[in-house]
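**Student:** Residues -20 to -1, 1 to 328 (mature numbering (1 follows the signal peptide of the UniProt record, and there is no 0)) are what the sequence shown spells out, left to right. Beta carbons: idealized from backbone N, C-alpha and C, even for Gly. All values derive from a computational prediction rather than experimental measurement. Right, I'll just put the structure down here and ask away after.
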Amino acid sequence: MHLKFKLTIALIIGLITARAQTYNLATLIETGKNTSIRGLSVVNDDIIWLSGSNGYIGKSTDGGKTWKWTQPKGYEKCDFRDIEAFDHLKAIAINAGSPAYILYTIDGGNSWREVYKNTDSDIFLDGMAFWDMQHGIIFGDPIRNRMQLLRTRDGGLTWQNISDNLKPDLAMGEAGFAASGSSIVVKKDGKVWIATGGSTSKIYFSANYGENWKVYKCPIIQGESSTGVFSMSMLDHRKGLVVGGNYLKDKENTNNVLITRNGGRSWKKPKTQVSGYRSGVDYLTDKLCIATGTSGTDISNDGGKNWNKISDLSFNAVQKAKNGTLVVLAGNKGQVFKLVSVKNDLNK
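Take a look at the structure:
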């Protein structure tokens, strides 16, 4: 590890100790990979998949101690903004921009199969989520004012365009953000939420796997192409959080986080805000929440009502293990960290 990086870690640890005695950030990897990581899928406490710019996809099967990086042949220039992993063998990755690709592996990333391609100049996939091993959904920016929606029922081998299921057109200047692949959330029984931003910010909700949709207003900061919701997390079908802001002014913290208690129909501001623009948010327990972005990371111990900054380090994405307690943060230059709870709050 480089001396400069050691000093950076020491500085961060000192900062965290002064502000929040319970938490710490410990490095998992510092590879110097020329990739900005935005796709993150933490399967359990051992299996982590990452995806980013310059065609890079990374995987660890030992909790981040060692890593395997690959650039799928023919896709080295792709910016893989989201990845969904099921185990150490199967994963699906999507890129941002045109042409749009969906890549599929069942051999741990040794080989990748292209299962979708769209060459429309306006195509831009933003995020992906799976209800189970077979059923998943992807959303993208509007084409001719219609949000792009793709759905699979065979584990990602084939994808059906269901964009026409969402009847309301998006407003001029309204779109999604592919900042962390986390502005789409699914829950059991076919529930899915999609958050947008730009000229206006809304929540699109379906209770039946994307067949029918309802639209709710989201009063987060909005009105410019760089503002809106960048990430969403739902604890259950009622309680949830959204974070965002203005990525061009990442230290401003005016109306950057909101709380819902009725499944996104209405939203309230917390008592204290996060410390700036945030592109990732997740529930760690029913009370403990984390939000991260390019200007730092915040923790809430009361379900999102109050936030305390624990680090100034820049990240794009954060995710708690689907099955486990590992919490991973990822950002630019191939840097990946994990959250350490000194008091083991995640095991309570």
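Taking only the alpha-carbon atoms, compute the straight-line gap between residue 332 and G35 and give it to the nearest angstrom.
**Tutor:** Since the first and last residues shown for the chain are -20 and 328, residue 332 lies out of range.
**Student:** What alpha helix (DSSP H) runs, 4 residues minimum, are completely inside the stretch 99 to 151?
**Tutor:** none
**Student:** From the DSSP secondary-structure annotation, give me the bridge partner or partners of Y84.
**Tutor:** For this step, residue 84 is matched to residue 104 along the sequence shown. Y84 is bridged to I72, R93.
**Student:** Roughly how many whole angstroms lie between the Cα atoms of S246 and K168?
**Tutor:** Here residue 246 is taken as the residue at index 266 of the sequence shown, counted from 1. Here residue 168 is taken as the residue at index 188 of the sequence shown, counted from 1. S246 and K168: Cα-Cα distance of roughly 21 Å.
**Student:** Relative to the C-alpha of A71, which residue among W29, N235, D278 is closest?
**Tutor:** The residue given as residue 71 occupies position 91 in the sequence shown. Comparing Cα positions, the closest option is W29.
**Student:** Helix or strand or just coil, what does DSSP make of N303?
**Tutor:** By one-based count along the sequence shown, residue 303 stands at place 323. Per DSSP, reduced to three states, the secondary structure at N303 is strand.
**Student:** For G54, which beta-bridge partners are listed by DSSP?
**Tutor:** One-based indexing of the sequence shown puts residue 54 at position 74. Note: G54 sits in no beta bridge, so no partner.
**Student:** Considering only the alpha carbon of each residue, which of Y196, E191, V237, K197 lies closest to S211?
**Tutor:** If you number the sequence shown from 1, residue 211 lands on position 231. Minimum Cα distance to S211 is reached at V237.
**Student:** For S223 and D282, I'd like the C-alpha separation in whole angstroms.
**Tutor:** Counting from one through the sequence shown, the residue named residue 223 turns up at place 243. Counting from one through the sequence shown, the residue named residue 282 turns up at place 302. At residue 223 the sequence reads Val, which differs from the Ser that was named. Spanning the two alpha carbons is a distance of roughly 16 Å.
**Student:** State the Cα-Cα distance for the pair R133 and H115, rounded to the nearest angstrom.
**Tutor:** Here residue 133 corresponds to residue number 153 of the sequence shown, with the count starting at 1. Here residue 115 corresponds to residue number 135 of the sequence shown, with the count starting at 1. Roughly 5 Å separates the two Cα atoms.
**Student:** For the 8 Å Cβ check, are there 3 or more pairs between the stretch 117 to 132 and the stretch 13 to 22?
**Tutor:** no
**Student:** Please go through the same chain and pick out, in chain order, the residues whose beta-carbon is closer than 6 Å to the beta-carbon of L319, but skip the five residues on each side of it.
**Tutor:** Taking the first residue of the sequence shown as position 1, residue 319 is located at position 339. The answer, listed in chain order, is V307.
**Student:** Near I82, which residues of its chain fall below 6 Å by C-beta distance, leaving aside the five closest residues on each side in sequence?
**Tutor:** The count along the sequence shown starts at 1 and reaches residue 82 at position 102. So the list reads I74, V95, Y96, once near-sequence residues are dropped.
**Student:** Based on DSSP bridge pairs, tell me the residues matched to Y184.
**Tutor:** The residue labelled residue 184 in the question sits at position 204 within the sequence shown. The bridge partners DSSP lists for Y184 are I174, V195.
**Student:** Could you tell me the distance, in whole angstroms, from the CA atom of S91 to the CA atom of P52?
**Tutor:** By 1-based counting over the sequence shown, the position of residue 91 is 111. By 1-based counting over the sequence shown, the position of residue 52 is 72. C-alpha separation (whole angstroms): 7 Å.
**Student:** Helix or strand or just coil, what does DSSP make of N281?
**Tutor:** For the purposes of this step, residue 281 is identified with residue 301 of the sequence shown, where counting begins at 1. Looking at N281 - three-state DSSP - the assignment turns out to be coil, as it is neither helix nor strand.
**Student:** Going by Cα to Cα distance, which pick from G203, D262, G284, I279 is closest to R241?
**Tutor:** Start at 1 with the first residue of the sequence shown, and residue 241 comes out as number 261. Minimum Cα distance to R241 is reached at G284.
**Student:** Just checking my contact of S16 with N226 at CB under 8 Å: how many whole Å lie between their CB atoms?
**Tutor:** By one-based count along the sequence shown, residue 16 stands at place 36. By one-based count along the sequence shown, residue 226 stands at place 246. For S16 against N226, the beta-carbon gap comes to about 19 Å, at or over 8 Å, which does not count as contact.
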